[in-house]
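Visitor: Take any residue in the sequence shown, note its place counting from 1, add 166, and you have its number in the working numbering.
Where a beta carbon is used, it is the ideal one built from N, C-alpha and C, also for glycine.
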Amino acid sequence: MFNELSPGIKISISRSISTVFEQYMENIKWDENKYNLEDFMKEWREYINNHASWFGQVSDDIKKDPRFHEDVAKKINETIEKILTEAPTPDQVEKINQLQKELKKDYSYSCKAEAKYLIQSLTSQVN
Numbered sequence: 167m168f169n170e171l172s173p174g175i176k177i178s179i180s181r182s183i184s185t186v187f188e189q190y191m192e193n194i195k196w197d198e199n200k201y202n203l204e205d206f207m208k209e210w211r212e213y214i215n216n217h218a219s220w221f222g223q224v225s226d227d228i229k230k231d232p233r234f235h236e237d238v239a240k241k242i243n244e245t246i247e248k249i250l251t252e253a254p255t256p257d258q259v260e261k262i263n264q265l266q267k268e269l270k271k272d273y274s275y276s277c278k279a280e281a282k283y284l285i286q287s288l289t290s291q292v293n
């Protein structure tokens, strides 16, 4: 069912998943122990109902179809997996190393999105 949607809507769905996941992870300070699927899904529902332009472009019949929900759940899993496995850039690694040295602290991070969050967090501590 997901494949029947226009390419623009599919891209918008993927972007909204990325946006909400990264915002959610920032809200819990990328603490994997605090991750709660139900909380993430609440934020996802709020976001698509109030902020995602694609949601109004999908017919109610499609939205009610269980296959659509299965496809979106699969897309959510794929998108999160992609985010979590995308390696930090060399520039991010260099910046984090510099900030850790300045702060005399050591932080672990595993993906590009988490590195982005860590850079923002550490930069605010330095300034």
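For residue 258, which residues in the same chain have their Cβ closer than 6 Å to its Cβ, ignoring the five residues on either side in sequence?
Guide: If you number the sequence shown from 1, residue 258 lands on position 92. Counting only Cβ-Cβ distances below 6 Å, and skipping sequence neighbours, we find 281.
Visitor: Over the uninterrupted alpha helix (DSSP H) stretch that includes residue 265, give me the two end residues.
Guide: For the purposes of this step, residue 265 is taken as residue 99 along the sequence shown, with counting starting at 1. Run containing residue 265: 256 to 269, per the alpha helix (DSSP H) assignment.
Visitor: According to DSSP, is residue 249 helix, strand or coil?
Guide: Taking the first residue of the sequence shown as position 1, residue 249 is located at position 83. Residue state, collapsed to three classes: helix.
Visitor: Go ahead and label residue 219 buried or exposed: buried means 16 or more other beta carbons lie within 10 angstroms of its beta carbon, across all protein chains shown.
Guide: For the purposes of this step, residue 219 is taken as residue 53 along the sequence shown, with counting starting at 1. It is exposed - the Cβ of residue 219 has fewer than 16 other Cβ atoms within 10 Å.
Visitor: Below 8 Å on the Cβ atoms is my guess for residue 183 versus residue 242; work out the distance and round it to an integer in Å.
Guide: Here residue 183 refers to the residue found at position 17 of the sequence shown. Here residue 242 refers to the residue found at position 76 of the sequence shown. About 5 Å; that satisfies the 8 Å criterion.
Visitor: What first and last residue would you give for the alpha helix (DSSP H) that runs through residue 210?
Guide: Numbered from its first residue, the sequence shown carries residue 210 at position 44. 203 to 216 is the extent of the alpha helix (DSSP H) around residue 210.
Visitor: Just to check my reading of the structure: residue 213 and residue 238 have Cβ atoms closer than 8 Å, yes? What is that Cβ distance to the nearest angstrom?
Guide: Residue mapping note: residue 213 aligns to position 47 of the sequence shown, counting from 1. Residue mapping note: residue 238 aligns to position 72 of the sequence shown, counting from 1. 13 Å between Cβ atoms; not a contact.
Visitor: Hey, out of 222, 279, 271 and 233, whose CA is closest to residue 247's CA?
Guide: Your numbering for residue 247 matches position 81 in the sequence shown. Out of 222, 279, 271 and 233, 279 has the C-alpha closest to the C-alpha of residue 247.
Visitor: Hey, out of 288, 254, 250 and 244, whose CA is closest to residue 264's CA?
Guide: Counting from one through the sequence shown, the residue named residue 264 turns up at place 98. When only C-alpha atoms are compared, the closest one is 288.
Visitor: Which whole-angstrom value is the C-beta distance of residue 275 and residue 284, which I expect to be below 8 Å?
Guide: Working through the sequence shown from its first residue, we reach residue 275 at position 109. Working through the sequence shown from its first residue, we reach residue 284 at position 118. With 8 Å as the limit, residue 275 and residue 284 qualify as a contact, their Cβ atoms being about 5 Å apart.
Visitor: When the Cα atoms are used, what is the spatial distance from residue 293 to residue 196?
Guide: Position 127 of the sequence shown, counted from the start, is the residue given in the question as residue 293. Position 30 of the sequence shown, counted from the start, is the residue given in the question as residue 196. Cα-Cα distance, rounded: 21 Å.
Visitor: Between residue 167 and residue 221, what straight-line distance do the alpha-carbon atoms span, to the nearest angstrom?
Guide: As a working note, residue 167 is residue 1 in the sequence shown. As a working note, residue 221 is residue 55 in the sequence shown. Their backbone Cα atoms lie some 15 Å apart in a straight line.
Visitor: Alpha carbon to alpha carbon, how far is residue 267 from residue 244? Give it in angstroms, no decimals.
Guide: Position 78 of the sequence shown holds residue 244. Position 101 of the sequence shown holds residue 267. Near 35 Å, if we compare the C-alpha coordinates of residue 267 and residue 244.
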